[in-house]
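Numbering follows this note's numbering, in which position 20 of the sequence shown is assigned residue number 83; successive positions increment by one, without gaps.
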Amino acid sequence: MAEEKNRSDKILVVEDDEASSIIIVRLLNQMGFSKIIQAENGSIALNKLYLNQFSIIISDWRMPDMDGLELYKKAKKEELLNDVPFLMVSAENERGRVAEALKAGVNDYILKPVDLKLLSEKIEKLLSLQNDK
Numbered sequence: 064m065a066e067e068k069n070r071s072d073k074i075l076v077v078e079d080d081e082a083s084s085i086i087i088v089r090l091l092n093q094m095g096f097s098k099i100i101q102a103e104n105g106s107i108a109l110n111k112l113y114l115n116q117f118s119i120i121i122s123d124w125r126m127p128d129m130d131g132l133e134l135y136k137k138a139k140k141e142e143l144l145n146d147v148p149f150l151m152v153s154a155e156n157e158r159g160r161v162a163e164a165l166k167a168g169v170n171d172y173i174l175k176p177v178d179l180k181l182l183s184e185k186i187e188k189l190l191s192l193q194n195d196k
């Protein structure tokens, strides 16, 4: 069972909506992840990136102060990401916006509401690609 797996990967969850943040953290816990650091917006997340190494970043798109795409671009420019996968999670489903995020270099994209099966598939794929490097 997923609950019995104790994953050593450290995950950064960037989400301004408390309910969404709770759901994502709960899903990650069900997948066996326990090293989860949360940030309420891109600015706070950027500070956490200076201080920590992460296995994956899961970020909402729309947030006050600094949105998810701005966070990605700034962290990439400041070389804080290296090969760390960046998974965008958003209610934003307009094709042009999704394409913009992927073109910028975001590794993958999930539409809200997030479900366990899809989140698990995306994370496993991204982590396996990272481990192959």
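By construction, the Cβ of each residue, glycine as well, lies at the ideal position given by its N, Cα and C atoms.
ILE121 to VAL169, Cα distance in whole Å?
-> 10 angstroms
Helix, strand or coil at MET64 [DSSP, three-state] | Note that MET64 scores 36 on pLDDT, short of 50, meaning its location in the model is unreliable; the coordinates nonetheless yield the value given after this. Of the three classes helix, strand and coil, the one that applies to MET64 here is coil, per DSSP.
Rounded separation between ALA98 and ALA162 - CA only = In the sequence on display, residue 98 carries Lys and not Ala. So the alpha carbons of these two residues sit roughly 30 angstroms apart.
Collapsed DSSP secondary structure at ALA154 in the structure displayed | coil
Where do the ends of the alpha helix (DSSP H) carrying ARG89 lie?
-> 81 to 93
C-alpha gap between LEU181 and ILE173, whole angstroms = 8 angstroms
Is the beta carbon of VAL177 less than 8 angstroms from the beta carbon of LEU90?
-> yes
ALA82 versus ASP123, ARG70, GLY105, residue with shortest Cα-Cα distance = ASP123
Quick one, are the C-beta atoms of LYS73 and ASN115 less than 8 angstroms apart?
-> yes
Throw me the rounded Cβ distance for the GLN93 and LEU179 pair, which I believe falls under 8 angstroms.
-> 6 angstroms
Looking at the structure shown, is ASP195 part of a helix, part of a strand, or coil, going by DSSP?
-> helix
Collapsed DSSP secondary structure at ARG70 in the structure displayed = strand
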